DNA sequence: AACAATGTCAACCGCATATGC
DNA sequence: AGCATATGCGGTTGACATTGT
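Residue numbers (our numbering): 100 to 320.
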């Protein structure tokens, strides 16, 4: 049995106080990132290492770009999601100053709905067929039509891929990407070269290759 | 003004993967 | 090679804010 990442009895939970933030910032300023397990004690924080890491990465890092997402960023997230699926850290890696948590939250609260309103299934970026469209008076139509990404997508081929939860495999990626390959959307410009640098596109392609390779290894050991 | 419904986002949890021994 | 531990990731939760009735 795995040991818990920290002694839960002695750790604070919930929102961070200003003092805690300052302690964490000061410690990392002096000692740098890393060694999250020992950091809380060294920094005098009653938090677990994971919590410190999350706080730093998602909120305290000096290079974070806070505030609203620009249209370009929105566009890029949608395109990258079509390519990569729910791999938020990879997507965030292409958006300077944005974190995976931020991108994920923004996707779930804004972009998913935006795509649904455009008649696009946010899970696979296909056009929602007529019988899948939300009913006008259905109050939580979004949730009822589109299942969360981790669950079985409500698509015609949903029974082909079992709702297997395994990291490193490529269900989301291959599903979303393959669906795009044979089902181009007229209003979803997937030419990443327009708003994304060539190196970024190369990196995305490279990641996809790696993912493909990895899933092949898993499927065919 | 009061309450309910809904939206947003920071933080937590559990698992997978990476790394070191 | 196999185990133990640390780190990273994605899904989910819950508190707070906002909007509607």
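Just so you know, even glycine gets a beta-carbon here, dropped at the ideal spot from N, CA and C.
Note that this is a predicted model, so its numbers are computed, not measured.
When burial is assigned at 16 or more other CB atoms within 10 Å of the CB, is residue i buried or exposed?
i	result
residue 125	exposed
residue 162	exposed
residue 211	buried
residue 169	exposed
residue 164	exposed
residue 118	exposed
residue 315	Note that residue 315 scores 42 on pLDDT, short of 50, meaning its location in the model is unreliable; the coordinates nonetheless yield the value given after this. Classification for residue 315: exposed.
residue 196	exposed
residue 222	buried
Between which two residues does the alpha helix (DSSP H) containing residue i stretch?
i	result
residue 151	148-154
residue 188	187-192
residue 199	199-205
residue 130	117-130
For the candidate residues the options, whose alpha-carbon lies nearest to that of residue i?
i	options	result
residue 152	222, 200 and 204	200
residue 146	166, 167, 130 and 114	114
residue 132	116, 224, 118 and 149	149
residue 110	127, 134, 186 and 143	143
residue 226	171, 181, 167 and 159	181
Please indicate yes or no: does the CB of residue i lie closer than 8 Å to some heavy atom of the ligand ZN?
i	result
residue 120	Within the structure as shown, the ligand ZN is missing, as the structure has no ligands at all.
Is it the case that the Cβ atoms of residue i and residue j are separated by a distance below 9 Å?
i	j	result
residue 190	residue 155	no
Could you tell me whether the region 198-215 touches the region 166-185, using the rule of 3 or more Cβ pairs below 8 Å?
Three or more Cβ pairs closer than 8 Å define a contact, and the region 198-215 meets that threshold against the region 166-185.
- Query: Does the region 139-147 come close enough to the region 112-130 to have 3 or more Cβ pairs within less than 8 Å?
  - Reply: Flag = yes, the region 139-147 and the region 112-130 touch.
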